[in-house]
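Numbering (my numbering), first residue to last: -3 to 415.
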RNA sequence: CGGGGUGUAGCGCAGCUUGGUAGCGCGCCGCGUUCGGGACGCGGAGGUCGUGGGUUCAAAUCCCGCCACCCCGACCA
């Protein structure tokens, strides 16, 4: 993308109404726009980051047999009444609305009910199972207090997968498989080493659920961590009895702040039973369906990653989630410089390397360099009269303080282009 | 929802205590000089001072209500 065609701008100052680093940086760099508290729009560069995170999550969900769907935001009341979750006393963060004729509707905060209910249409035999359905979509939750930028919003992007298994064994196997897939996701996002599977409260369906907690000073959760076992316990269930049950020793645990970047729950047979969805087994007998649900907050991850991958100059995206791989800074309007920069832009884009091409005239070098740093693009390539005259390219990694002179071939190699 | 704080030009802020014709920096527009780490000079545009009411000859400034935003807490299938 050419910078001259990008409508967003960077700012020299951080917004006054954000105190958390992730929101400050993402707004300053023009990745997101704050619509209201806890509600953010994603601008071109931010949307790319969100897309790149989604792609990684999607690939891992597909790898374990997930079927991607796109469910609706508007929800009929009746299915939620069947499971007892329409009641505001039971679920207090609903957004609800009404049709013109007065019919009440819910605005989707999660999708167990609609996805399960939909299976009336498709599941009746053991041959139809197991079923793994997921979506990546917007969730709405009327949080009492939005905070920490993208970390706790009222409207946010989430991946939610639901499993429908024939028996406990099948469920347990998938549950573990999904937990492993989650760790793969976090590893690919570059936070695998600071993300821990964490025992947390299981609600009414099981004693525990499993959270995935990433260590961060902006975390809302406190966890107790066993570094060697790479396991943790959420403070909400932390007591002697639980520790004994889990085989964890108090003196081997350290207290840490962490961000919940995923949460998986066994749901038992409740939802399918309440909604009357069953299957017939090999012997012709009607059986209950065992469910699990598996969530990853995509937009929250973006906030966490922005918080984590940053320095005093701005964002420092890992290559696989950066909005572009190369920031091509063209210095000057000399025809030879323009020609070479245009050609490099075309050839890199053709080779599948995403380039943010700073072709803006009348913008000085310092500003372009500062922007390249603020936006956190992994590589910066400079084309100027100097590089044209010297027949080299200037290459600098975002994580490095010094730029090097490289040949065309070395440049392609450094950017991972096989030629 | 309880406690605390903040709303003044696109952004960041001063002015408010002690009422008297709204200012600074950045950004933006024009001209010129610059041109490898956010340049400089000259000229210019841009504001119902969050909002509604009240007090007053006069309100950004004082009083009351409301709205929004931030932080702490509570809450977070």
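Don't be surprised by glycine CBs; every beta carbon is placed ideally from N, CA and C.
As the structure is a computational prediction, the values presented were derived from the model and not from experiment.
| query | result |
| --- | --- |
| Three-state secondary structure assigned by DSSP to residue 23 | helix |
| DSSP-derived helix/strand/coil call for residue 179 | helix |
| Assumed close pair residue 192, residue 148 - CB separation to whole angstroms, cut-off 8 Å | 20 Å between Cβ atoms; not a contact. |
| Residue 140 classed as buried or exposed, judged by whether at least 16 other C-beta atoms fall within 10 angstroms | exposed |
| Test item: CB-CB of residue 112 and residue 322 under 8 Å | no |
| Whole beta strand (DSSP E) elements within the segment 103 to 144, 3-residue minimum | 127 to 136 |
| Limits of the alpha helix (DSSP H) - the one that residue 386 falls within | 381 to 386 |
| Cβ shell of residue 229 (< 6 Å), same chain only, five flanking positions each side left out | 195, 220 |
| Whole beta strand (DSSP E) elements within the segment 0 to 78, 3-residue minimum | 28 to 32, 35 to 38, 63 to 65, 70 to 72 |
| Touching by the beta-carbon criterion (3+ pairs, under 8 Å), the segment 14 to 27 and the segment 300 to 308 | yes |
| Backbone CA spacing between residue 361 and residue 211 [nearest angstrom] | 37 Å |
| Beta-carbon proximity check, residue 57 vs residue 110, cutoff 8 Å | no |
| Residue 190 (DSSP reduced to helix, strand or coil) | helix |
| Given residue 418 as reference, the closest of 138, 118, 407 once Cα atoms are compared | The structure shown does not extend to residue 418, since the chain spans only -3 to 415, so no value can be given for it. |
| Residue 101 versus 80, 121, 125, 76, residue with shortest Cα-Cα distance | 76 |
| Under the three-state DSSP convention, the category residue 378 falls into | strand |
| Separation of residue 353 from residue 299, as counted between CA atoms | 25 Å |
| Cβ separation of residue 317 and residue 185, assumed to be a contact under 8 Å, to the nearest whole Å | 7 Å |
| Range of the contiguous alpha helix (DSSP H) that encloses residue 287 | Careful: residue 287 lies outside any alpha helix (DSSP H), inside the beta strand (DSSP E) at 286 to 293. |
| Collapsed DSSP secondary structure at residue 262 in the structure displayed | strand |
| Distance CB(residue 119)-CB(residue 275) smaller than 8 Å | yes |
| Top-ranked residue by Cα proximity to residue 145, from 283, 386, 13, 390 | 13 |
| Alpha carbon of residue 365 to alpha carbon of residue 371, nearest angstrom | 10 Å |
| Beta-carbon contacts of residue 23 that lie in its chain and below 6 Å, excluding the five residues immediately before and after | 11 |
| Where the alpha helix (DSSP H) containing residue 237 begins and where it ends | 236 to 242 |
| Integer Cβ distance of residue 150 from residue 136, believed to fall under 8 Å | 7 Å |
| Contacts around residue 130, its chain only, beta-carbon distance under 8 Å, and the 5 residues preceding and following it disregarded | 57, 62, 63, 64, 65, 155, 156, 157, 158, 290 |
| Pair within 8 Å by beta-carbon distance, residue 164 and residue 286 | yes |
| CA-to-CA distance, residue 25 to residue 5, given in whole angstroms | 7 Å |
| Residue 48, buried or exposed, once every other Cβ within 10 Å from all chains shown has been counted against 16 | buried |
| Opposing strand residues paired with residue 228 [DSSP bridges] | 194, 221 |
| Euclidean distance between Cα positions of residue 121 and residue 162 | 10 Å |
| N-terminal and C-terminal residue of the beta strand (DSSP E) that residue 159 is part of | 151 to 161 |
| Span separating the alpha-carbon of residue 40 from that of residue 2 | 8 Å |
| Under 8 Å between C-beta atoms of residue 308 and residue 284 | no |
| Boundaries (first-last residue) of the beta strand (DSSP E) holding residue 206 | 204 to 211 |
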